[in-house]
Amino acid sequence: MHGGSIGSFVVSDIQDNLARIKANMAQALAQAGRNNDDAQLIAVSKTNPVEAIQNALKAGQRVFGENRVQEAALKFPALRDDYPDLKLHLIGPLQTNKVRDAVALFDVIHTLDRPKLARALADEMRRVGKMPDLLLQVNTGLEAQKAGVAPDQAETLLKIAQDYGLPVIGLMCIPPVDQDPSPHFAMLRQLGAKLGLKTLSMGMSDDYPVALEHGANLIRVGSAIFGARNYPA
Ligand SMILES: *Cc1c(COP(=O)(O)O)cnc(C)c1O
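All residue numbers for the sequence shown refer to this note's numbering, where the first residue is 34 and numbers rise by one.
As structure tokens, this is what we get:
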């Protein structure tokens, strides 16, 4: 359905995809008895060229997600000149040596997952006086290869981050690819309620309606907007 190279993707395709996803979002939210403005669509543009992002901007999309700091740094500063209301979310793992660039570039960082990173973010935010909103990434599937704090360590990490004065607004998860995502979404929601964190970042191209049923506030959708990526990121 999303096949073909990005070269064949034109404004109307991206416009149609965004319209379809927005309609699906509205339906899922209504079915769950939620307000339409309860959830925001993050267009995940990783691996896609600037032209594709420009097409999404022309279609009215303003919120984007990237998973690599350096890739975002190459693509987004020029776009922000033309679209000052553009918002950029970091959804990929963050190394402490990229914290400076990340704080400069992003409005929201979804991947705080360890005390050392909390410390580095606090130092940098204080230094430059800019405070992107933060989410704790939770490794709900306890996958060894995946980033994220273990669910039973999330409260401790939150306390550490709050002691540093960091603006933690929510939780993010990426369920294991080979599992039903529902229990993971339910776990994240439960953990958010327990910790008093209201913003839930969960749901991707294949499962965002399910995530919305489970209370997602930020859905991260890439290939359903931009088409299949040329290489896995
Ligand atoms: C790539 C990515 C997405 C988007 O994935 P799609 O399946 O293309 O929608 C969402 N979240 C994270 C963390 C990602 O890295």
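Cβ coordinates follow ideal geometry from the N, Cα and C atoms, glycine included.
Checklist entry - Do V141 and ligand 1 come close, with the Cβ less than 6 Å from some heavy atom? => result Flag unset: Cβ of V141 not near ligand 1.
Next on the checklist: What does the alpha-carbon distance come out to for the pair T129 and T144?
Outcome noted: Rounded to whole angstroms, T129 to T144 spans 12 Å at the Cα level.
Next on the checklist: Quick check: does the Cβ of V210 come within less than 6 Å of any heavy atom belonging to ligand 1?
Outcome noted: Between ligand 1 and V210, a heavy atom-to-CB distance of less than 6 Å is absent.
Checklist entry - Under the three-state reduction of DSSP, which class applies to D166: helix, strand or coil? => result If DSSP states are grouped into helix, strand and coil, D166 belongs with the strands.
Checklist entry - For Q60, which of L245, S256 and F259 has the nearest alpha-carbon? => result Comparing Cα positions, the closest option is L245.
Checklist entry - Would you say the beta carbon of M237 comes nearer than 6 Å to a heavy atom of ligand 1? => result Result yes, Cβ under 6 Å from ligand 1.
Item to check | Where the alpha helix (DSSP H) containing V274 begins and where it ends | outcome: Shown here, the chain extends from 34 to 266; a query on residue 274 therefore has no answer.
Item to check | Buried or exposed (CB count within 10 angstroms, at least 16 for buried), N100 | outcome: Counting C-beta atoms within 10 angstroms of its own C-beta, N100 has 16 or more neighbours from the protein chains shown and is therefore classed as buried.
Next on the checklist: According to DSSP, is S234 part of a helix, a strand, or is it coil?
Outcome noted: Strand.
Next on the checklist: Runs of 3 residues minimum, wholly inside the stretch 200-265: which ones carry the beta strand (DSSP E) assignment?
Outcome noted: Complete beta strand (DSSP E) runs here, min 3: 201-205, 232-234 and 251-254.
Item to check | Length-filtered (4 minimum) alpha helix (DSSP H) runs lying within the stretch 87-133 | outcome: Taken in chain order, the complete alpha helix (DSSP H) segments of 4 or more residues contained in the stretch 87-133 are 102-115.
Checklist entry - Once you ignore the five residues that flank A257 on each side, which residues in its own chain have a CB closer than 7 Å to its CB? => result Only H35, N50, I54 and S238 meet the Cβ criterion.
Checklist entry - Are there 16 or more other CB atoms within 10 angstroms of the CB of L107, so buried, or fewer, so exposed? => result L107 comes out exposed.
Checklist entry - With 16 other CB atoms within 10 Å as the buried threshold, where does G40 fall? => result Since pLDDT at G40 reaches only 49, below the 50 mark, its modelled position is unreliable, and no value is offered.
Checklist entry - Going by Cα to Cα distance, which pick from K120, A105, A111 and N68 is closest to G93? => result Selected option, being the one with the closest Cα: K120.
Checklist entry - Where does Q73 fall in DSSP's three states? => result In the structure shown, Q73 sits in a strand (DSSP, three-state: E or B).
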